[in-house]
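**Q** One structure, as structure tokens, below. Some questions next.
Residue numbers (this note's numbering), protein chains in the order written: chain D, 1 to 145; chain Z, 1001 to 1369.
Spelled out as structure tokens, the structure:
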């Protein structure tokens, strides 16, 4: 199990509740930190005030967000050495081809459409957690070059 | 003289120096001159310099070529310049020397004007088509934006309804009682159904929006893939697929796949209660139009309601009989129409159904039956 928190970038409080619940059901021990918009997410990941940046094990990124949207967050993360290799799963309502294409072009590791049925949502969270926190071998720390 | 006088063409003869030897009656009438006054004059005595220069140049061309040449010429008339189509040919003496040129000019001004009008109308039409295309593209973009916001905005609240009813079931089951739990189950079933409807609507709008790319497409190959998918979904079913080796049409392979997916999917669905289901794809030519058909021996439908079938969300069977959102045939209809084709369904309850469609524009007045 990869240590470190999961950063959930999500503005819909219901979806925050469902995601936290789904990961809880799957007994993922990782702390879930929530950023309610893109600006807040960037402040945590790429702080400009000299504070220590958050280094999550996984980022779950919604696309439709207030202020700075998910795709802009993705662009900023991929443009910075510190966050270039962080695993980012776009977790969104849409399965518009445009959003899928843009996400991958900007360097998303995965694109998942939030299922409507809660059982499917839990199942998706389970698979995501299992893969990204257990199966996948992440970039070793301090080797972001 | 009678021969050259009784014609609506202008006829004249000039010598090697451009001096008039002879003109016909039409020439006299047209330029209000008498022939005895013209003989010996040149075009430079009768017409503006540039007009006369052009006539002279054409005379010399006929002399130089030594055989009849045809050209368009312009000469001043009562109401402005008139256009003529002129044939000029040299006259030669016994020694083979050209001593004169004869010209026959026919007024084609009206025809030229008509041609110009046709060109103008064509340009105008093209411009109007461009305008309409731009308008259409704009409304397609609007539709696109609408579909996009539907996909985002309608699904999110549905997810909340589904999620919280599930949480109630999981965390408060004891407090709720049996009937409340059943209601929550029904809420969830309807949420799932509405989610499916939103997805189907998005498919329908996508089938309308995507660019159509025509290429030779083997319907039989696509049908075999789809048959494999259908069998995989329900391996216990015993159904026969009757598909020819090859069935090529000019069309968009992705969209045609959707057509076959829906028609064969329906056939699969409506033959579910039969042990000896047969689903057949075939192609025939009718009046020079390629017509394809998907036929089954399933539940069929009542022809009285056939006209409703291709409209979105119209269903001819109850949800308890056969599931579905009623959008599949609307997608099929739209794709066939976008190809310029037609679709027609025939059935009787219990007797199976046949869906026939074309993928090319048909001759005017031709209707698929």
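Glycine included, every Cβ here is placed at the ideal spot set by N, Cα and C.
Apply the 10 Å Cβ neighbour rule to residue 24 of chain D and answer buried if 16 or more other Cβ atoms are within range, or exposed otherwise.
**A** Against the first chain, residue 24 of chain D aligns to sequence position 24. With fewer than 16 Cβ atoms within 10 Å of its Cβ, residue 24 of chain D is classed as exposed.
**Q** Taking C-beta pairs closer than 7 Å, name the residues in chain D that residue 1152 of chain Z reaches, listed in chain order.
**A** By 1-based counting over the second chain, the position of residue 1152 of chain Z is 152. Chain D residues near residue 1152 of chain Z: 64, 93 and 94.
**Q** Can you tell me which of Z/1302, Z/1185, Z/1026 and Z/1278 puts its alpha carbon nearest to the alpha carbon of residue 1002 of chain Z?
**A** On the second chain, residue 1002 of chain Z is found 2 positions in, with the first residue counted as 1. Minimum Cα distance to residue 1002 of chain Z is reached at Z/1026.
**Q** Whole angstroms are fine: how far does the CA of residue 1124 of chain Z sit from the CA of residue 1100 of chain Z?
**A** Taking the second chain and counting its residues from 1, the one referred to as residue 1100 of chain Z is at position 100. Taking the second chain and counting its residues from 1, the one referred to as residue 1124 of chain Z is at position 124. About 47 Å.
**Q** Quick check on this structure: which residue in Z/1103, Z/1351 and Z/1028 has the alpha carbon closest to the alpha carbon of residue 1056 of chain Z?
**A** Working through the second chain from its first residue, we reach residue 1056 of chain Z at position 56. Here the closest residue by C-alpha is Z/1103.
**Q** State the Cα-Cα distance for the pair residue 21 of chain D and residue 91 of chain D, rounded to the nearest angstrom.
**A** Here residue 21 of chain D is taken as the residue at index 21 of the first chain, counted from 1. Here residue 91 of chain D is taken as the residue at index 91 of the first chain, counted from 1. Spanning the two alpha carbons is a distance of roughly 15 Å.
**Q** Just checking my contact of residue 1283 of chain Z with residue 1247 of chain Z at CB under 8 Å: how many whole Å lie between their CB atoms?
**A** Along the second chain, read from residue 1 onward, the residue named residue 1283 of chain Z stands at position 283. Along the second chain, read from residue 1 onward, the residue named residue 1247 of chain Z stands at position 247. So it is a contact: roughly 5 Å between Cβ atoms.
**Q** For residue 1083 of chain Z, write down the residues that DSSP places opposite it in a beta bridge.
**A** Numbered from its first residue, the second chain carries residue 1083 of chain Z at position 83. For residue 1083 of chain Z, which the question treats as bridged, DSSP gives the partners Z/1074.
**Q** Nearest chain Z C-beta to residue 114 of chain D closer than 8 Å, yes or no?
**A** Within the first chain, residue 114 of chain D is the residue found at index 114, counting from 1. Yes - at least one Cβ of chain Z is within 8 Å of the one on residue 114 of chain D.
**Q** How would you label residue 144 of chain D, buried or exposed, when you count the other beta carbons within 10 angstroms and need 16 or more for buried?
**A** Taking the first residue of the first chain as position 1, residue 144 of chain D is located at position 144. Here the model assigns residue 144 of chain D a pLDDT of 46, short of 50, so the residue's position is not dependable, and the following value carries that caveat. So residue 144 of chain D ends up on the exposed side.
**Q** With 8 Å as the threshold, decide whether the Cβ of residue 14 of chain D is near any Cβ in chain Z.
**A** One-based indexing of the first chain puts residue 14 of chain D at position 14. Yes, residue 14 of chain D counts as interfacial toward chain Z.
**Q** Tell me the DSSP secondary structure of residue 1162 of chain Z in three-state form.
**A** Numbered from 1 along the second chain, position 162 holds the residue referred to as residue 1162 of chain Z. Looking at residue 1162 of chain Z - three-state DSSP - the assignment turns out to be helix.
**Q** What are the boundary residues of the beta strand (DSSP E) that includes residue 81 of chain D?
**A** In the first chain, counting from the first residue as 1, residue 81 of chain D sits at position 81. Element bounds for residue 81 of chain D: n/a, residue is neither H nor E.
**Q** Quick check: the Cα distance between residue 1015 of chain Z and residue 1113 of chain Z, rounded to an integer number of angstroms?
**A** Translated into the one-based positions of the second chain, residue 1015 of chain Z becomes position 15. Translated into the one-based positions of the second chain, residue 1113 of chain Z becomes position 113. Straight-line Cα distance between these residues: approximately 33 Å.
**Q** Does the ligand NAP have a heavy atom nearer than 7 Å to the CB of residue 1366 of chain Z?
**A** This structure lacks the ligand NAP, and indeed carries no ligand of any kind.
**Q** Taking a contact to mean a Cβ-Cβ separation below 8 Å, would you say residue 1266 of chain Z touches residue 1278 of chain Z in this structure?
**A** Position 266 of the second chain holds residue 1266 of chain Z. Position 278 of the second chain holds residue 1278 of chain Z. Cβ distance not < 8 Å, so residue 1266 of chain Z and residue 1278 of chain Z don't count as in contact.
**Q** Would you kindly report the start and end of the unbroken alpha helix (DSSP H) that includes residue 1197 of chain Z?
**A** Position 197 of the second chain, counting from 1, holds the residue named residue 1197 of chain Z. It spans 1178–1209 - the alpha helix (DSSP H) in which residue 1197 of chain Z sits, taken as one unbroken run.
**Q** What do you get for residue 1188 of chain Z, buried or exposed, if any count of 16 or more other CB atoms within 10 angstroms of its CB means buried?
**A** Taking the first residue of the second chain as 1, we reach residue 1188 of chain Z at position 188. Label assigned to residue 1188 of chain Z: buried.
**Q** Please tell me whether residue 1324 of chain Z has its Cβ less than 8 Å away from any Cβ of chain D.
**A** Start at 1 with the first residue of the second chain, and residue 1324 of chain Z comes out as number 324. Closer than 8 Å: no.
**Q** If you draw a straight line from the alpha carbon of residue 1334 of chain Z to that of residue 1311 of chain Z, how long is it in whole angstroms?
**A** Within the second chain, numbered from 1, the residue matching residue 1334 of chain Z stands at position 334. Within the second chain, numbered from 1, the residue matching residue 1311 of chain Z stands at position 311. Distance between the alpha carbons of residue 1334 of chain Z and residue 1311 of chain Z: 10 Å.
**Q** For the structure I just gave you, are there three or more beta carbon pairs, one from the stretch 129–138 of chain D and one from the stretch 1171–1179 of chain Z, closer than 8 Å?
**A** Contact fails: fewer than three Cβ-Cβ distances are below 8 Å.
**Q** Please report the distance separating the alpha-carbon of residue 42 of chain D from that of residue 73 of chain D.
**A** Your numbering for residue 42 of chain D matches position 42 in the first chain. Your numbering for residue 73 of chain D matches position 73 in the first chain. Whole-angstrom Cα-Cα distance: 7 Å.
**Q** Starting from residue 1146 of chain Z, follow the beta strand (DSSP E) in both directions and report where the run begins and ends.
**A** For the purposes of this step, residue 1146 of chain Z is taken as the residue at position 146 of the second chain. Taken as a continuous stretch (DSSP letters only), residue 1146 of chain Z belongs to no beta strand (DSSP E), being part of the alpha helix (DSSP H) at 1109–1153.
**Q** Under the rule that 16 or more other beta-carbon atoms within 10 Å means buried, what is residue 1084 of chain Z, buried or exposed?
**A** The count along the second chain starts at 1 and reaches residue 1084 of chain Z at position 84. Buried: at least 16 other Cβ atoms inside 10 Å.
**Q** So, are the CB atoms of residue 17 of chain D and residue 59 of chain D less than 8 Å apart?
**A** Here residue 17 of chain D refers to the residue found at position 17 of the first chain. Here residue 59 of chain D refers to the residue found at position 59 of the first chain. The answer is no: Cβ separation not under 8 Å.
**Q** Mind listing the chain D neighbours of residue 1205 of chain Z? Cutoff is C-beta to C-beta under 7 Å, in chain order.
**A** Residue numbering aside, residue 1205 of chain Z sits at position 205 when the second chain is read from its first letter. The premise fails here: residue 1205 of chain Z is roughly 11 Å from chain D at the closest Cβ pair, so nothing lies under 7 Å.
**Q** Give a yes or no on whether the minimum CB-CB distance between residue 89 of chain D and chain Z is below 8 Å.
**A** Residue 89 of chain D sits at position 89 when you count from the first residue of the first chain. Closer than 8 Å: no.
**Q** If you reduce the DSSP assignment to three classes, tell me which class residue 123 of chain D lands in.
**A** Counting from one through the first chain, the residue named residue 123 of chain D turns up at place 123. Note: residue 123 of chain D maps to helix in three-state DSSP.
**Q** Over the uninterrupted alpha helix (DSSP H) stretch that includes residue 1435 of chain Z, give me the two end residues.
**A** The requested residue 1435 of chain Z is not part of the displayed model; chain Z covers only 1001 to 1369.
**Q** Once DSSP output is grouped into helix, strand and coil, what is the label at residue 145 of chain D?
**A** Here the question's residue 145 of chain D lines up with position 145 in the first chain. The predicted position of residue 145 of chain D is uncertain, since its pLDDT is 47 and thus under 50; no value can be drawn from it.
**Q** Tell me where the alpha helix (DSSP H) around residue 1229 of chain Z begins and ends.
**A** Counted from its first residue, the second chain places residue 1229 of chain Z at position 229. Start and end: 1219–1233.
**Q** Would you say residue 1220 of chain Z and residue 1243 of chain Z are within 8 Å of each other, going by their C-beta atoms?
**A** Here residue 1220 of chain Z corresponds to residue number 220 of the second chain, with the count starting at 1. Here residue 1243 of chain Z corresponds to residue number 243 of the second chain, with the count starting at 1. Contact flag set, yes.
**Q** Where DSSP assigns a beta bridge to residue 1344 of chain Z, which residues make up the other side?
**A** On the second chain, position 344 is the one that residue 1344 of chain Z refers to. Beta-bridge pairing links residue 1344 of chain Z to Z/1356.
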